[in-house]
Amino acid sequence: MTTPFKHAKVSFRWCDTCGTLILGDRCNSCGSSGREFKVSAPGDLRPCLGRGTEVVRSLFMKYFGTTAFLESKLLFLNKISGEDRADEIVVDGRVVGVLRFSLIKNEFLLELRLDGALLLARVAKRGVVTIDPPPGHLKGKNISGKDIRETKGSFLIEDPLIVLAGNLVCTGAARASSDKLDDSEKAIGIRDVGKGEIAISKKRTDWGDFVRANVSYLVVLESSAVSDVKSFIGNNPIPVTLSFSGGKDSLACFGIARKALRAFDLIFVDTGLEFPETVRYVQDFAKKNHMRLVKADAGEAFWEQVGSFGPPAKDFRWCCKVCKLAPLTSVIEANYLKGTITIEGNRIYESFARASIDFVEHNPFVPNQIILNPIREWRAVDVWGYIWWRNLEYNQLYDEDFERIGCYLCPSCLASEWRTTERIHPDLSGKWNGFLDRWAKENDVGKEFIAHGFWRWKILPPKMRKLAEQLELKIPRVRSDRIALKVVKGVSPCATGGYSIEAVASIPRKRDFARVADMLKTVGQVRYSGEYEIALVRTEDSTVKVFGGGQIVATGSTPERAERAFEASVKAFLRSQLCAVCRICAKNCRKRAITIGDDGPKVNEELCTHCGKCSEACVVAHYYDKLVA
Ligand code: SF4
Ligand code: SF4
Ligand SMILES: [Zn+2]
């Protein structure tokens, strides 16, 4: 298997005789070793399904007036980086173009690649321009209107074009619309230049052909995963569960678990933000397959917390802990006294952030859960090939052009997927859009902040800052919420010796000051006055004063000590007010110094050693990093 991320291109093979991708060394149907072709790394190639194929077809029809070359063909997509959705389109074992979703235009665009131009040059009914080539190299050049001899069909600025120049075939983009070419010095921009023609394959294929061509490969893939699972479980007497999210990866894991194990349960976390199709699918699936379904339900947890935290962001997913981890820990505790080994469908290719996943991992927040990742090295095409080969019924949402299936308002959704949600579930998207509009008003950010998806980051990445520039919008680099930390005085020497730091935390007050004082016990020894709302915290090497109004002053013998005590106290303050009652801190305290009531944690000062582990595990404390960014 190819190692992801190291190279810019990744190789795959295509059998031209059978018209399909081959995943192993040879085509199972004809024995051919196929033709090599390359896609961009990491190469998590996936089949293009349902509405996705309609989107691709409509774009080729719009720009080049033909879809004949796509008829009865297997279409694959390969995700590449971009401001939103960006997928290389693979037809007949060639990257013919790139499908992009533009956040500025709020629509899909097509970028033609050279193989696409060589394939379509003769058959395209529009979007073809013939030029008298100017002397010298063409690649990267702008062509003046007076050098254009002929155009086929009309086009607009930025539309993709096939440019014919003598015996050369090029990809290009319109710099002027077709009715203004004559007056334009820069009428067309040339991108890539090639020669010859690629014949359109007459072979008609379906996904059944893809599976037949890859059976041997799938057999090996399955048996290796099955034997990994068997050999680990064989030595462990604790119950086995499968994390069943309703997505394709957990479905493939079901196929493996079914082969490897005699008994296991399905665990489904209903975050309260699932698509109705997913909830129905999971329930029906469990029933049809006679499986015990253990459901963890977050209920209204998201809506109860979103007012305090603000919209979840890609870089601040408080919702995952509140709506997933918290209910999950509770059902594991309630159903599996000795803990559980959970099979999960995590894959390396799925995330640029996770370049390695071990077969056995431990859930850092659930001490009695061991996680097995049997498909960690599978690519999406492997997963789909396996699902079809084993005839496993998948969630119908994949046919609606979702690449991943999760919560409907997830900040990690692509804007293009959000559009699909608006189409298929106007009620759900309306509820979320309504919240975002109210939040935008309260936080004094313009409508564009919501419309172009800026809300999805706490700290804007460069690509979104660039988008703001292009749209001529003034968007703050850090999203301002109702929670803020204003540093009054950075770390500086004190007149009385040592160093101090002072800030004011603005946090919606949900609980009384006794809670603040209680949580500060995780930092050090606490004395406090409820009447005056002042708490004094002493640690081995620092002191901190915390006031009900949010003022926090930390003093230490060195700048580092003052800063450390300050950070710990701000985190305790945040936790005391914003606690989502997820119970994770209690599970992570080895001294059992935390008990959780309906209103949040209580700290036993006799048992607490101020180790800070509870704060490390807390989603609310994590907010600190965003406040000081
Ligand atoms: S303080 Fe504990 S219970 Fe509250 S949100 Fe943090 S980890 Fe969860
Ligand atoms: S994890 Fe337990 S012992 Fe450590 S600071 Fe938190 S409450 Fe105290
Ligand atoms: Zn073949």
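Each residue of the sequence shown is one higher than the one before, starting from -8 at the first, in the numbering used here.
Just so it is clear, CB atoms sit at the ideal spot from N, CA and C, and this is done for glycine as well.
Assigned secondary structure, residue i (DSSP; H/G/I helix, E/B strand, else coil)
i: H(-2); result: With a pLDDT of 47 at H(-2), under the threshold of 50, the modelled position of this residue cannot be trusted, and the question is left open.
i: W409; result: helix
i: M(-8); result: Here the model assigns M(-8) a pLDDT of 43, short of 50, so the residue's position is not dependable and the matter cannot be decided.
i: E335; result: coil
i: I189; result: coil
i: P453; result: helix
i: N133; result: strand
i: Y614; result: helix
i: G118; result: coil
i: D138; result: helix
i: D532; result: coil
i: T262; result: coil
i: R447; result: helix
i: P151; result: strand
i: W369; result: coil
i: S168; result: coil
i: P38; result: strand
i: R4; result: strand
i: K96; result: coil
i: S63; result: coil
i: D256; result: strand
i: A563; result: helix
Assumed close pair residue i, residue j - CB separation to whole angstroms, cut-off 8 angstroms
i: A164; j: D183; result: That pair is no contact at about 11 angstroms.
i: G136; j: D174; result: 6 angstroms
i: R502; j: S567; result: 6 angstroms
i: L68; j: G10; result: In fact, because the Cβ distance is near 17 angstroms, the residues do not count as touching under 8 angstroms.
i: K617; j: L598; result: Not a contact, Cβ separation roughly 31 angstroms.
i: I179; j: I148; result: Going by Cβ atoms, the distance from I179 to I148 rounds to 11 angstroms, so no, they are not a contact pair.
i: R621; j: R367; result: Nothing in the structure corresponds to residue 621, since the chain is present only between -8 and 620.
i: L40; j: F3; result: 18 angstroms between Cβ atoms; not a contact.
i: A505; j: G521; result: 6 angstroms
i: C6; j: A204; result: 6 angstroms
Start and end residues, alpha helix (DSSP H) containing residue i
i: A571; result: Unbroken run through A571: none, as it is neither H nor E.
i: F245; result: 239 to 251
i: V436; result: Taken as a continuous stretch (DSSP letters only), V436 belongs to no alpha helix (DSSP H), as it is neither H nor E.
i: A508; result: 504 to 510
i: D288; result: Looking at the DSSP string, D288 is not in any alpha helix (DSSP H); the run it does join, the beta strand (DSSP E), is 284 to 288.
i: S548; result: From DSSP, S548 is part of no alpha helix (DSSP H); its letter is neither H nor E.
i: R91; result: Run containing R91: none in the alpha helix (DSSP H); it sits in the beta strand (DSSP E), 85 to 93.
i: F300; result: 292 to 300
i: F28; result: F28 -> not in any alpha helix (DSSP H); beta strand (DSSP E) instead, spanning 26 to 31.
Within-9 angstroms CB hit, residue i to chain D
i: S407; result: Absent from the structure: chain D. Only one protein chain is present.
Extent of the continuous beta strand (DSSP E) to which residue i belongs
i: F356; result: First-last for F356: undefined, no H or E at that position.
i: N69; result: 66 to 70
i: A475; result: 475 to 484
i: G107; result: Segment 105 to 111 is the alpha helix (DSSP H) holding G107; no beta strand (DSSP E) there.
i: Y519; result: 516 to 520
i: L12; result: 11 to 13
i: E324; result: Element bounds for E324: not the beta strand (DSSP E) but the alpha helix (DSSP H), 317 to 326.
i: V594; result: 591 to 594
Cβ pair residue i, residue j closer than 9 angstroms
i: S234; j: T333; result: yes
i: V120; j: V154; result: yes
i: A1; j: G34; result: Correcting the residue type first, residue 1 is Val in the shown sequence and not Ala. Contact: yes.
i: E394; j: N364; result: no
i: K312; j: V610; result: yes
i: N19; j: S207; result: yes
i: V537; j: T546; result: no
i: S168; j: F146; result: yes
i: L419; j: Y389; result: no
i: I378; j: K278; result: no
i: A526; j: V507; result: yes
i: T8; j: K194; result: yes
i: S236; j: V270; result: no
i: L100; j: R91; result: yes
i: L14; j: V372; result: yes
i: Y628; j: G541; result: With the chain represented from -8 up to 620, any question about residue 628 goes unanswered, as that position is not in the structure.
Report yes or no: do the region 307 to 326 and the region 268 to 283 share at least 3 C-beta pairs separated by less than 8 angstroms?
no
Report yes or no: do three or more beta-carbon pairs, one from the region 560 to 575 and one from the region 586 to 596, lie closer than 8 angstroms?
yes
Report yes or no: do three or more beta-carbon pairs, one from the region 290 to 301 and one from the region 352 to 359, lie closer than 8 angstroms?
no
The region 100 to 110 contacting the region 183 to 193, beta-carbon criterion three pairs below 8 angstroms:
yes
When the Cβ atoms of the region 422 to 438 are set against those of the region 46 to 57, are three or more pairs found closer than 8 angstroms?
no
Contact between the region 434 to 448 and the region 506 to 523 (3+ Cβ pairs under 8 angstroms):
no
Are the region 406 to 426 and the region 457 to 476 in contact at 8 angstroms, needing three or more beta carbon pairs?
no
Inspect the CB distances between the region 321 to 330 and the region 480 to 497 and report whether three or more fall short of 8 angstroms.
no
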